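Here UniProt numbering is used: the first residue of the sequence shown is 1, the next is one more, and so on.
Cβ coordinates follow ideal geometry from the N, Cα and C atoms, glycine included.
Please read these numbers as outputs of a predicted model, since none were measured by experiment.
Note sheet for the following structure.
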Amino acid sequence: MRIMNKGVKQVRKSINQRKNIRGIKAKGMPKRITPSFPQEEEKHGYFPIFPDNTHTQQTKDKSRFISGIMLKGILSIILFFGAAFLFQTNTDLLEKPTMWTSHALTKEFPFARVNQWYQETFGSPLAFAPQQKQQKDNEQLALPVSGNVTESFQANGSGIMIAPQDTSEVMAMDSGVVIFAGNDPETDKTVVVQHADGSLSSYGFLSEIDVHLYQFVSNNEQIGNFVPNDKNETVFFAIEKDNHYVDPVQVIKVDDTP
């Protein structure tokens, strides 16, 4: 009986060892996903087609992208209707938010003032002014072109008209940052420069524009040129301070004799 019990134990032990060996091999081998039934490819001697997770991942990424766009769109709509609600509601509680929103939407950012502060503090201009020239403190303001004033500020209402005799370079009245350079509905090719004191100078009816948006320009730096022709013989020049136009003749000493 002892011999039989010993033999049974050895058999059980060998069976358990084989099971453990098989289990280790099964865990170490990579899992393969096989179809439950033979596919048409297998019937004709080809390899079966296994499922690809790449398309699923691409679908998830696309869904996230679309969800992000939808979220941004919803937030934009909320902001739009929120601003509209502020302007349509006349209550004392919303008076200050309405004034702040109106100021933020209509007030031009003071690029020139910030650039001047940065230069005075750190000794070099901002990145949008890489080619800034040294400007002397005693430089005088001057007209953008040489010529006679053919239309006064009183007659024009917003600026003056200057008539150069020949092809002329149009210069910036003072240093500043270009906040507009393109076609204006009223003055065609136009450049608007923002200065450190918050004032704006406009140069209209130009033949060519030689500056770009947010470019820093120095005093008397060329911003364009003007070529007189039969259709246009004058350059428009205006100065705006505190949202009001001022007479350039009062700011700059010019020859206003036609």
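L75 versus G82 - alpha carbon distance
Residue mapping note: residue 75 aligns to position 75 of the sequence shown, counting from 1. Residue mapping note: residue 82 aligns to position 82 of the sequence shown, counting from 1. L75 and G82 have their C-alpha atoms roughly 10 Å apart.
Item checked: Span of the alpha helix (DSSP H), counted from its first residue to its last, around V249 -> Looking up residue 249 in the sequence shown gives position 249. Per DSSP, V249 belongs to the alpha helix (DSSP H) from 248–251.
(request) Within the same chain, show all residues whose beta-carbon is closer than 6 Å to that of F180, passing over the 5 residues directly before and after it, in chain order. (result) Reading the sequence shown from its first residue, position 180 is the one you call residue 180. Same-chain partners within the cutoff: V192.
Query - Backbone CA spacing between G176 and Q222 [nearest angstrom] - result: For the purposes of this step, residue 176 is taken as the residue at position 176 of the sequence shown. For the purposes of this step, residue 222 is taken as the residue at position 222 of the sequence shown. Roughly 12 Å between the two C-alpha positions.
Would you mind working out which of Y203, D210, D166, P144 sits nearest N220, comparing C-alpha positions? Here residue 220 corresponds to residue number 220 of the sequence shown, with the count starting at 1. The shortest Cα separation from N220 among Y203, D210, D166, P144 belongs to P144.
**OP:** With DSSP collapsed to three states, give me the class of N229.
**Re:** Reading the sequence shown from its first residue, position 229 is the one you call residue 229. Here N229 sits in coil by DSSP.
Ends of the beta strand (DSSP E) at Q194? Here residue 194 refers to the residue found at position 194 of the sequence shown. Counting along the chain, the beta strand (DSSP E) containing Q194 begins and ends at 188–194.
Exercise for the section: Tell me whether L79 is buried or exposed, calling it buried when 16 or more other Cβ atoms sit within 10 Å of its Cβ. Expected result: By one-based count along the sequence shown, residue 79 stands at place 79. Per the 10 Å Cβ criterion, exposed.
For D197, which three-state DSSP category applies?
-> Here residue 197 refers to the residue found at position 197 of the sequence shown. It is coil, neither helix nor strand.
- prompt: What separation, rounded to the nearest whole angstrom, lies between the Cα atoms of I252 and D174?
  reply: Numbered from its first residue, the sequence shown carries residue 252 at position 252. Numbered from its first residue, the sequence shown carries residue 174 at position 174. Between I252 and D174, the C-alpha separation is close to 11 Å.
Look at the alpha carbon of N156 and the alpha carbon of S67, and state the distance between them as a whole number of angstroms. Numbered from 1 along the sequence shown, position 156 holds the residue referred to as residue 156. Numbered from 1 along the sequence shown, position 67 holds the residue referred to as residue 67. N156 and S67: Cα-Cα distance of roughly 54 Å.
### Task
Could you tell me the boundaries of the alpha helix (DSSP H) in which N219 lies?
The count along the sequence shown starts at 1 and reaches residue 219 at position 219. From DSSP, N219 is part of no alpha helix (DSSP H); its letter is neither H nor E.
According to DSSP, G204 sits in a beta bridge with which residue or residues? On the sequence shown, position 204 is the one that residue 204 refers to. According to DSSP, which records beta bridges pairwise, G204 is partnered with F236.
Tell me whether T150 sits in a helix, a strand or coil according to DSSP, three-state version.
Here residue 150 is taken as the residue at index 150 of the sequence shown, counted from 1. Residue state, collapsed to three classes: strand.
Notebook entry, point to check: Three-state secondary structure (DSSP) at M173?
Noted result: Against the sequence shown, residue 173 aligns to sequence position 173. Of the three classes helix, strand and coil, the one that applies to M173 here is coil, per DSSP.
Under the three-state reduction of DSSP, which class applies to residue 266: helix, strand or coil? Residue numbering for the chain in the displayed model covers 1 to 258; residue 266 lies beyond these limits and cannot be assessed.
Between N225, Q250, Y245, which has its C-alpha nearest L200's C-alpha? For the purposes of this step, residue 200 is taken as residue 200 along the sequence shown, with counting starting at 1. Minimum Cα distance to L200 is reached at Y245.
Q. Which one of V217, H212, S218, N183 has the shortest CA to CA distance from G204?
A. Working through the sequence shown from its first residue, we reach residue 204 at position 204. When each option's Cα is compared against that of G204, the closest is N183.
Judging by CA-CA distance, which residue of F237, E169, K231 is the nearest neighbour of E208? Position 208 of the sequence shown, counted from the first residue, corresponds to residue 208. Ranked by Cα distance from E208, the first of F237, E169, K231 is E169.
Shortest alpha-carbon distance to Q140 belongs to which of M171, K9, F237?
Counting from one through the sequence shown, the residue named residue 140 turns up at place 140. Ranking M171, K9, F237 by Cα distance to Q140 puts M171 first.
Any idea which residues DSSP pairs G182 with across the strands? Locating residue 182 in the sequence shown gives position 182, counting from the first residue. DSSP output for G182 lists T190 as bridge partner(s).
ask   = Going by Cα to Cα distance, which pick from V211, P228, G198 is closest to A163?
value = Taking the sequence shown and counting its residues from 1, the one referred to as residue 163 is at position 163. Of V211, P228, G198, the residue nearest in Cα terms is P228.
| message | What does the Cβ neighbour count give for H212, buried or exposed, with the cut at 16 atoms within 10 Å? | response | Here residue 212 is taken as the residue at index 212 of the sequence shown, counted from 1. Result: exposed.
**Asked** From the beta carbon of E169, is the nearest beta carbon of chain B less than 9 Å away?
**Response** Structure shown: chain B not included; a single protein chain is present.
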